[in-house]
Each structure stands twice: as C-alpha cells, then as structure tokens.
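S.K.: Have a look at this one.
Residue numbers (this note's numbering): 6 to 292.
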C-alpha cells in the first residue's frame with residue numbers, strides 16, 4: 006500500500022523576506038499554498054512527519070506593478086515549481102499549485118529624515134583623546150511609518166558601542182535601534198574615531214574685570230586663577246602664542262557673593278579643561 010502512487014494535497018508554508026521598508030501591507034498575505042501532488046505513500050508520510058521547510062518568497066525578486074499610492078507585488082506560482090520541488094523533494098510530482106498567483110498590495114508609507122545618535126561608552130588610555138568629533142556615516146537616515154508615530158520621533162539611536170582604553174584610531178559598524186512600527190532601509194552606521202595623544206599644561210593667569218560701571222572699582226579674591234589646558238601633543242608650540250583671556254563680567258553682578266570666571270580668545274586646538282577657582286569673591290567699591 007505504501008509503495009503505491011497516490012494523489013493528495015500538501016499545505017506548504019510561505020516565508021516572506023526583504024519587506025520593502027518604504028511600503029506597508031494593505032492586506033495580510035497568505036500563509037501557505039495548496040500543492041496537489043502525486044507520490045508514493047512512503048513519500049507522502051515522510052513529508053507529513055519530517056518536512057518542516059517553507060517556500061521562500063523574496064520581495065526583492067518579486068514582480069511589481071504600480072497602483073494608486075502604492076504598489077502590487079506578485080509571484081506567478083507556476084514559475085516557482087522548482088522552488089516548490091526543492092521544498093517537497095524530488096520524489097514528489099507536482100500536479101498543480103493553488104493559488105496560481107499570489108498578489109500582495111502595498112501602500113506608500115510616510116517618510117521622515119532624522120539624525121542618528123550614537124549610544125556609546127568610550128574611555129581612553131591616559132593622555133589620549135579624540136582628535137575630532139566622532140564621525141557617523143550616514144549621520145541621518147530616512148525612516149518610514151504612520152504619521153502619528155513619526156511625529157513622536159526626533160532621532161534614532163544605535164546599539165551600545167563600548168570601547169575601553171583607546172590609543173589608536175577605530176572604525177566600527179553598529180546597528181540602529183528602530184521603535185516598533187518603523188522601517189528603515191539603513192540597518193547600521195559606520196562609526197569612525199580618530200585618536201591622538203595630548204599634553205596637559207597648568208598655567209596661572211590674572212582675571213580681567215569687564216563692563217564695570219563708571220564710578221566704581223572692584224577687587225577680586227583671588228585675582229589670579231589656575232587654568233588647566235589640553236592640546237594635541239604635536240601642537241605644543243601653540244602654548245607659546247596662546248591668547249587666552251580670563252575675565253569676569255561686572256554687568257552680571259547680583260546678590261550673590263561670588264561671580265563666575267569666563268574666558269575668550271582660546272586658540273583653536275586648545276581645550277580648556279578646568280578653571281580653579283571658577284567663581285571669585287569680590288569687593289565692589291564706590292569711588
């Protein structure tokens with residue numbers, strides 16, 4: 006009995022891949038196809054007991070037809086006979102496939118361009134730092150979804166990039182995290198870090214007094230403060246021409262007993278790491 010040839014119908018599950026990010030399904034696609042076959046009883050039993058394969062339908066390889074505000078994707082199943090045979094096995098003869106054509110309508114999604122925000126925990130070896138801002142490529146992406154959801158999104162973040170004790174340049178590929186309901190054709194970004202050694206210099210400098218009203222004089226305590234500067238090791242000579250100015254703005258005097266130390270004219274490539282003390286006591290004297 007099992008060696009005899011029989012006709013029967015198999016239900017073959019379908020797995021869809023490479024959904025178009027800029028479109029959304031109008032109706033849910035079919036989950037399986039009905040395949041009328043002729044095979045020996047042993048092959049039929051074997052299929053039911055041991056075959057868990059699915060027919061793969063790839064949207065990138067599908068036929069398509071433009072429609073109003075969207076697109077139809079479709080597959081002619083007769084052209085998929087070889088793929089169905091690969092699923093069923095060569096010992097099974099295919100008689101017909103139902104439906105003859107699978108059509109899935111899609112509607113256009115709303116799109117929005119948003120910046121990419123790097124989620125990172127990065128540390129450096131002693132006396133190393135970033136030479137430039139971290140570079141993301143691309144720095145922004147197009148996301149697709151319903152208008153109400155897009156209105157709540159101002160950026161997309163990456164997976165966590167965790168790097169420790171850096172002392173040389175790095176390039177990494179890091180995945181994007183998309184909220185549920187959103188699609189994006191870009192799945193990851195490139196992260197480039199340029200690392201260089203720096204030096205640290207502590208200088209002592211007098212604080213200027215600016216914007217003091219006529220008829221007043223002012224004393225600061227202390228008048229000289231300590232400034233910690235950092236700059237690339239190969240640009241050490243910039244310290245010799247440093248034009249940094251420290252000052253307090255007397256027009257900002259209020260009821261507080263101290264006033265903040267500010268700065269300007271800091272040379273490019275030099276980073277002001279710390280001013281100590283950063284607030285000064287003062288004595289305002291009417292002349």
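Ideal Cβ placement from N, Cα and C applies to all residues, glycine included.
Predicted model, so just to flag it, every value in this text is computed and none were measured.
Tell me residue 109's beta-bridge partners as DSSP assigns them.
M.R.: DSSP, once it has assigned bridges, lists 78 as partnering residue 109.
S.K.: Go through the stretch 155-238 residue by residue and report every complete run of the alpha helix (DSSP H) that reaches 4 residues or more, in order.
M.R.: Counting whole runs of 4 or more residues, the stretch 155-238 contains no alpha helix (DSSP H) stretch at all.
S.K.: Taking 8 Å as the threshold, find out whether the stretch 117-128 comes into contact with the stretch 93-100 through three or more Cβ pairs.
M.R.: The stretch 117-128, when compared against the stretch 93-100, does not touch it at the 8 Å Cβ threshold.
S.K.: For residue 120, does the count of other Cβ atoms within 10 angstroms reach 16, so buried, or fall short, so exposed?
M.R.: Looking at its Cβ environment, which holds fewer than 16 other Cβ atoms inside 10 Å, residue 120 is exposed.
S.K.: Would you mind sorting residue 163 into buried or exposed? The rule is 16 or more other CB atoms within 10 Å of its CB.
M.R.: Flag for residue 163 reads buried.
S.K.: What residue range does the alpha helix (DSSP H) around residue 50 cover?
M.R.: Counting along the chain, the alpha helix (DSSP H) containing residue 50 begins and ends at 46-55.
S.K.: Taking 8 Å as the threshold (C-beta atoms), are residue 30 and residue 111 in contact?
M.R.: In this structure, residue 30 lies closer than 8 Å to residue 111 by Cβ.
S.K.: Within the same chain, show all residues whose beta-carbon is closer than 6 Å to that of residue 27, passing over the 5 residues directly before and after it, in chain order.
M.R.: So the qualifying residues of the chain are 114, 149.
S.K.: Hey, quick one: how far does the alpha helix (DSSP H) through residue 63 stretch, first residue to last?
M.R.: Unbroken run through residue 63 is the beta strand (DSSP E), 60-63; no alpha helix (DSSP H).
S.K.: Using a threshold of 8 Å, state whether the C-beta atoms of residue 264 and residue 258 are closer than that.
M.R.: Against a cut-off of 8 Å, the Cβ pair of residue 258 and residue 264 comes out as a contact.
S.K.: Check for me: the alpha helix (DSSP H) holding residue 73 runs from which residue to which?
M.R.: Neither: residue 73 is in no alpha helix (DSSP H) and is coded neither H nor E.
S.K.: Between the Cα of residue 100 and the Cα atoms of 12, 267, 154, 169, which residue gives the shortest distance?
M.R.: Residue 100 has its Cα closest to that of 12, out of 12, 267, 154, 169.
S.K.: With distances taken from CA atoms, which of 167, 136, 87, 185 is nearest residue 161?
M.R.: Among 167, 136, 87, 185, the Cα nearest to that of residue 161 belongs to 185.
S.K.: For residue 43, which residues in the same chain have their Cβ closer than 8 Å to its Cβ, ignoring the five residues on either side in sequence?
M.R.: Cβ neighbours of residue 43 beyond the five flanking positions: 10, 11, 12, 97, 98, 100.
S.K.: Within 10 Å of its beta-carbon, does residue 89 have 16 or more other beta-carbons around it, so buried, or fewer, so exposed?
M.R.: So residue 89 counts as buried.
S.K.: When the Cα of residue 283 is compared with those of 252, 289, 275, which residue comes out closest?
M.R.: Out of 252, 289, 275, 252 has the C-alpha closest to the C-alpha of residue 283.
S.K.: When you compare each of 238, 108, 142 to residue 135 by their alpha carbons, which one comes out closest?
M.R.: Of 238, 108, 142, the residue nearest in Cα terms is 238.
S.K.: Quick one: give me the first and last residue of the beta strand (DSSP E) that residue 289 is part of.
M.R.: It spans 284-291 - the beta strand (DSSP E) in which residue 289 sits, taken as one unbroken run.
S.K.: How big is the Cα-Cα spacing for residue 177 and residue 170?
M.R.: C-alpha separation (whole angstroms): 16 Å.
S.K.: Work out the CA separation of residue 62 and residue 79 for me, nearest whole Å.
M.R.: Taking the straight line joining both Cα atoms gives about 10 Å.
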